Amino acid sequence: MEYFVQQLINGLTLGSIYGLIAIGYTMVFGIIGMVNFAHGDVFMVSAFIALILYLLLTAVLGITALGIALLLVLVLGMALTALWSWVIERVAYRPLAGSFRLAPLISAIGMSVFLSNFVQVVQGPRNKTVPPMLNHVISIPVAGGSVTISEKQVLIMVVTVLLLAAFWIVVQKTRLGRAQRACEQDRRMAALLGVDVNHTVSMTFVIGGALAAVAGLMFMVYYGVVNFADGFTPGVKAFTAAVLGGIGSLPGAVLGGILIGLIETLWSAYFSIDYKDVAAFSILAIVLIFMPSGILGRPDVEKV
Amino acid sequence: MSAGGNGSTRSTLPPEPVSMREAARKAARDALPWALVTLGLCFPIILLRTEQDLSNRIVLNVRPFLTLGLVLAVFLGRFLWLLAAHLPRPKAPAFPRLDLAANGARWFPYVGLAALFLFPFLSLALAGPSGAIKWVDNFGVQILIYVMLGWGLNIVVGLAGLLDLGYVAFYAVGAYTYAIIATYVIPATLPVLGPWAFWICLPLAGLLAALWGVILGFPVLRLRGDYLAIVTLAFGEIIRLVLINWVALTNGPSGIQTPRITFFGLPFTSPNGGTTVGSLLGLPGTPTVHRSIFLYYVILALALLVAAVTQRMRRLPVGRAWEALREDEIACRSLGLNTVNTKLTAFAMGALFGGLAGAFFGARQGFVSPKSFEFLESATILAIVVLGGMGSLVGVAIAAIVVIGGIELLRELDWMKSIFGEDFDPGQYRMLIFGLAMVVVMIWRPRGLMSARQPSIVLHDGKAIAGAHVKEGHG
Numbered sequence: 001m002e003y004f005v006q007q008l009i010n011g012l013t014l015g016s017i018y019g020l021i022a023i024g025y026t027m028v029f030g031i032i033g034m035v036n037f038a039h040g041d042v043f044m045v046s047a048f049i050a051l052i053l054y055l056l057l058t059a060v061l062g063i064t065a066l067g068i069a070l071l072l073v074l075v076l077g078m079a080l081t082a083l084w085s086w087v088i089e090r091v092a093y094r095p096l097a098g099s100f101r102l103a104p105l106i107s108a109i110g111m112s113v114f115l116s117n118f119v120q121v122v123q124g125p126r127n128k129t130v131p132p133m134l135n136h137v138i139s140i141p142v143a144g145g146s147v148t149i150s151e152k153q154v155l156i157m158v159v160t161v162l163l164l165a166a167f168w169i170v171v172q173k174t175r176l177g178r179a180q181r182a183c184e185q186d187r188r189m190a191a192l193l194g195v196d197v198n199h200t201v202s203m204t205f206v207i208g209g210a211l212a213a214v215a216g217l218m219f220m221v222y223y224g225v226v227n228f229a230d231g232f233t234p235g236v237k238a239f240t241a242a243v244l245g246g247i248g249s250l251p252g253a254v255l256g257g258i259l260i261g262l263i264e265t266l267w268s269a270y271f272s273i274d275y276k277d278v279a280a281f282s283i284l285a286i287v288l289i290f291m292p293s294g295i296l297g298r299p300d301v302e303k304v
Numbered sequence: 305m306s307a308g309g310n311g312s313t314r315s316t317l318p319p320e321p322v323s324m325r326e327a328a329r330k331a332a333r334d335a336l337p338w339a340l341v342t343l344g345l346c347f348p349i350i351l352l353r354t355e356q357d358l359s360n361r362i363v364l365n366v367r368p369f370l371t372l373g374l375v376l377a378v379f380l381g382r383f384l385w386l387l388a389a390h391l392p393r394p395k396a397p398a399f400p401r402l403d404l405a406a407n408g409a410r411w412f413p414y415v416g417l418a419a420l421f422l423f424p425f426l427s428l429a430l431a432g433p434s435g436a437i438k439w440v441d442n443f444g445v446q447i448l449i450y451v452m453l454g455w456g457l458n459i460v461v462g463l464a465g466l467l468d469l470g471y472v473a474f475y476a477v478g479a480y481t482y483a484i485i486a487t488y489v490i491p492a493t494l495p496v497l498g499p500w501a502f503w504i505c506l507p508l509a510g511l512l513a514a515l516w517g518v519i520l521g522f523p524v525l526r527l528r529g530d531y532l533a534i535v536t537l538a539f540g541e542i543i544r545l546v547l548i549n550w551v552a553l554t555n556g557p558s559g560i561q562t563p564r565i566t567f568f569g570l571p572f573t574s575p576n577g578g579t580t581v582g583s584l585l586g587l588p589g590t591p592t593v594h595r596s597i598f599l600y601y602v603i604l605a606l607a608l609l610v611a612a613v614t615q616r617m618r619r620l621p622v623g624r625a626w627e628a629l630r631e632d633e634i635a636c637r638s639l640g641l642n643t644v645n646t647k648l649t650a651f652a653m654g655a656l657f658g659g660l661a662g663a664f665f666g667a668r669q670g671f672v673s674p675k676s677f678e679f680l681e682s683a684t685i686l687a688i689v690v691l692g693g694m695g696s697l698v699g700v701a702i703a704a705i706v707v708i709g710g711i712e713l714l715r716e717l718d719w720m721k722s723i724f725g726e727d728f729d730p731g732q733y734r735m736l737i738f739g740l741a742m743v744v745v746m747i748w749r750p751r752g753l754m755s756a757r758q759p760s761i762v763l764h765d766g767k768a769i770a771g772a773h774v775k776e777g778h779g
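Sequence order for the protein chains is A and B.
Start counting the first sequence at 1; every next residue gets the next number (the working numbering).
Start counting the second sequence at 305; every next residue gets the next number (the working numbering).
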């Protein structure tokens, strides 16, 4: 029981990171119907930005208060990654709007290859490690024993919940969120009614990039190591999470992320750690075969 | 990699005749945000490079000149680009379009075929025996493997319209079928067949891959479009992860050494001075050259087999059903087409050819490991198919030559060391340029190089169809 609860906590932490990335995939898919393959690499770039900013603030500028340093890294990292995401949309996807379906996908794959190799060239191929932080553990008594939760796990879950709440308010209550939802339902009609579709798409990429930056910082804090090749696997898993939850659905992306995190952690805990990714992908295949539109997605009805 | 800027200052009207100074002022004002965006992109990730110091701590190295140089380059590039629009410019000669099919260049495939058959001897004559290995093996064989893979995937994506992001799985199944049977099974059971290993494994690899095509195709029959894409990607990753982790069967990440290809049972090299192809036929040159040339013709024959089968299939009911399915699945169902069989045959045919190419790859490399079957391979093959203009055999072949030849050519950048100094490693820019080129080409020609189609079936006279009228399918 204790072991199970412990794994549950670990899974939720991992799932929060996947959920944050998955939102970027699902929002872009909902609005322009493309798989933004480069999003996983945007996440990797953001982890590098977080790493560099963290080192800059702590080692060079000498900020000793960890909380302030991390907050600054979070804010700056979100802004810089959002800029990357915005530029990528303008350069690689905007010219292909209205083109046939595979062209943006190939362009996105090209962008993904470019980003990971770009980081390899400018930052070098080795693993980058930061000194461990926030490792204090808190014991919580659970039915006849206790489980431990580290400060960084608490931080990851709290920040994720706070940012998701903020994001939810943006989507539900603001003018931008309304425009996004309108574009998702019918892009042409939204344009006819005066919604600036291009601007909305741009802002979607900006928000997706900012949330990926949060995930990047959390990843850096949690694992303490970043590599240029770290974009692909979390990216694919986050996309899996988005599809699992029902692509286009925002709560679905978070739910899918948490599920993938839990499946991965529980599988590694009880079965074989080598096959954890196989388990995640197999679950994806099984869910899609029996529930083709995901858990919370709308069924895909085609009008003739 | 720079970009963005505010597009609102650009007008769709023809530029008013303004003075050069006015134009320069406007261009500078427009280029400034570009420079600022570049600065924002460069700020942490280029300006500060993380390096491990001697005590294994990470330190930051500042690179102000590289950053400033990039920002300046973007500013000047944008500035001059805008300024050039104001200069009176001579009418550009019409760019020759590559729509060979549309221009009725029916001779092109024949000339191309002749060139392909003569290629090894041409390179032998031009580069000599030692130089020819590079051309025949690194370029010829490598490109033809991707031509074959592209044509195989073309059946699934280009004809049937099923978006498959995990094609490399079947390539891996083929390669590992060859590696396991030729290295472990045949020596343990019937060592007599050893020299024939490749020829025995080739059909087996194809059949096994086709079987896997059906097995993986069956569950995804109901999925469409991007769902299909992600599930096939997942299957590709699953197969790769199993290859890595099932050490007892596949030897894990360290891979399997496989026997080399033989000339129908006759080896190319013999360690103890036995009969080889060279000694039997009295051929000049080294065994490596003989083997490279033989490999070249084997893969050429395999690739042409795919092309021939594809062309025949398009005239058979099942091939027509594939294309009909790509154009409109609902109409197909309404007309009583069995979409299950149609999709499964497409998956199986594509997988079959992937498997054959995989067996060839195993025999050519003499070594297979999971590293050769990463997602990037699937992406490269898909990029070749899309870049070629889906469905066009000649287009896919040209795209394979451009993409794979380009990647191979980028290996040959060592001369740049003389400009940038000895510690400049051009090899690391190879995939960076490849990724960037994928984006640029897609923006330049989203429908691929050869977007026009010859219809498979015509009533009176055949006319090429513009790419815009060919659907890409929903999967």
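Note that beta-carbon positions come from the ideal geometry of N, C-alpha and C, so glycine has one too.
From a predicted model like this one, the values you see are computed outputs, not experimental measurements.
For residue i, which of helix, strand or coil comes out of DSSP?
{"i": "Gly145 (chain A)", "result": "strand"}
{"i": "Val225 (chain A)", "result": "strand"}
{"i": "Thr129 (chain A)", "result": "strand"}
{"i": "Asn645 (chain B)", "result": "helix"}
{"i": "Phe522 (chain B)", "result": "coil"}
{"i": "Ser139 (chain A)", "result": "strand"}
{"i": "Leu352 (chain B)", "result": "strand"}
{"i": "Phe651 (chain B)", "result": "helix"}
{"i": "Val610 (chain B)", "result": "helix"}
{"i": "Leu467 (chain B)", "result": "coil"}
{"i": "Leu570 (chain B)", "result": "strand"}
{"i": "Arg298 (chain A)", "result": "coil"}
{"i": "Asn442 (chain B)", "result": "helix"}
{"i": "Ser359 (chain B)", "result": "coil"}
{"i": "Phe37 (chain A)", "result": "coil"}
{"i": "Lys430 (chain B)", "result": "Note on residue identity: the sequence assigns Leu, not Lys, to residue 430 (chain B). In this structure, Leu430 (chain B) counts as helix in the three-state DSSP scheme."}
{"i": "Asn781 (chain B)", "result": "One cannot answer for residue 781 (chain B) here, as it falls past the ends of chain B, which runs 305 to 779."}
{"i": "Ser99 (chain A)", "result": "coil"}
{"i": "Ile485 (chain B)", "result": "helix"}
{"i": "Ser272 (chain A)", "result": "coil"}
In chain B, what lies closer than 9 Å to residue i by C-beta?
{"i": "Tyr275 (chain A)", "result": "Leu545, Val546 and Asn549"}
{"i": "Pro132 (chain A)", "result": "The contacting residues do not exist; Pro132 (chain A) stays about 13 Å from chain B at best."}
For residue i, go through chain B and note every residue whose CB falls closer than 8 Å to its CB, in chain order.
{"i": "Thr240 (chain A)", "result": "Ile534 and Ala538"}
{"i": "Gln185 (chain A)", "result": "Those within 8 Å of Gln185 (chain A) in chain B number zero; the least Cβ separation is about 18 Å."}
{"i": "Pro390 (chain A)", "result": "The structure shown does not extend to residue 390 (chain A), since chain A is modelled only from 1 through 304, so no value can be given for it."}
Which residues in chain A have a C-beta closer than 8 Å to the C-beta of residue i? List them in chain order.
{"i": "Gly344 (chain B)", "result": "Leu80 and Leu83"}
{"i": "Val743 (chain B)", "result": "Val91, Ala92, Ser107, Gly110, Met111 and Phe114"}
{"i": "Leu740 (chain B)", "result": "Gly110 and Phe114"}
{"i": "Val341 (chain B)", "result": "Leu83 and Val87"}
Strictly under 8 Å for the Cβ-Cβ distance: is residue i near chain A by that measure?
{"i": "Ile350 (chain B)", "result": "yes"}
{"i": "Met746 (chain B)", "result": "yes"}
{"i": "Thr354 (chain B)", "result": "yes"}
{"i": "Ile685 (chain B)", "result": "no"}
{"i": "Met754 (chain B)", "result": "no"}
{"i": "Arg715 (chain B)", "result": "no"}
{"i": "Gly381 (chain B)", "result": "no"}
{"i": "Phe665 (chain B)", "result": "no"}
{"i": "Leu526 (chain B)", "result": "Per the sequence presented here, residue 526 (chain B) reads as Arg, with Leu not at that position. So, interface residue."}
{"i": "Val690 (chain B)", "result": "yes"}
Taking Cβ positions only, does residue i come closer than 8 Å to chain B?
{"i": "Val243 (chain A)", "result": "yes"}
{"i": "Phe232 (chain A)", "result": "yes"}
{"i": "Leu284 (chain A)", "result": "yes"}
{"i": "Thr129 (chain A)", "result": "yes"}
{"i": "Ser268 (chain A)", "result": "no"}
{"i": "Ala103 (chain A)", "result": "yes"}
{"i": "Ser249 (chain A)", "result": "no"}
List, in order along the chain, the chain B residues whose C-beta lies closer than 7 Å to that of residue i?
{"i": "Arg126 (chain A)", "result": "Gln356"}
Stretch-stretch touch, CB-based, cutoff 8 Å, three pairs: the segment 650-657 of chain B with the segment 679-687 of chain B: no
Problem - Stretch pair the segment 13-27 of chain A + the segment 226-238 of chain A: three plus CB contacts closer than 8 Å - result: yes
Taking 8 Å as the threshold, find out whether the segment 379-390 of chain B comes into contact with the segment 147-155 of chain A through three or more Cβ pairs. no
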